[in-house]
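Asker:
Residue numbers (the UniProt record's numbering): 1 to 96.
1) Could you give the distance in angstroms between the alpha-carbon of residue 28 and the alpha-carbon of residue 18?
2) By the three-class DSSP mapping on this structure, what secondary structure does residue 10 have?
3) In chain order, what residues of the same chain have a beta carbon less than 6 Å from the beta carbon of residue 60, not counting five sequence neighbours either side?
4) When the Cα of residue 37 is compared with those of 82, 9, 66, which residue comes out closest?
5) Within the continuous alpha helix (DSSP H) that includes residue 36, where are the two ends?
6) Answer with yes or no whether the minimum CB distance from residue 25 to chain C is below 9 Å.
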């Protein structure tokens, strides 16, 4: 397992301390959890952005998001993203 060190503003450290207390976690576990959740959100948003831009198919976007096609369809719907495009229709239907 790798090690990451980072300097954070005092306000952010205070928020982290509150999170540690609320979640009853040690600092390392909390930072790993928050980093993992943040990266997962970034992956989902990146996939949604690529789908909305038409640069990837629906199936590939779901894969990039790390989600099933059904869960990703719900997420795309929640973000009002139309995902059926003529150039990706065959691969999108195949993914479903």
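Built from N, CA and C at the ideal position, the CB exists for glycine as well.
Answerer: The short version:
1) If you number the chain shown from 1, residue 28 lands on position 28. If you number the chain shown from 1, residue 18 lands on position 18. One alpha carbon belongs to residue 28, the other to residue 18, and they sit about 14 Å apart.
2) In the chain shown, residue 10 corresponds to position 10, counting from 1. DSSP places residue 10 in helix when its eight states are reduced to three.
3) By one-based count along the chain shown, residue 60 stands at place 60. Closer than 6 Å at the Cβ level, and outside the excluded window around residue 60, lies no residue.
4) Along the chain shown, one-based indexing puts residue 37 at 37. Here the closest residue by C-alpha is 66.
5) Your numbering for residue 36 matches position 36 in the chain shown. Residues 27 to 53.
6) The structure shown contains no chain C; it holds only a single protein chain.
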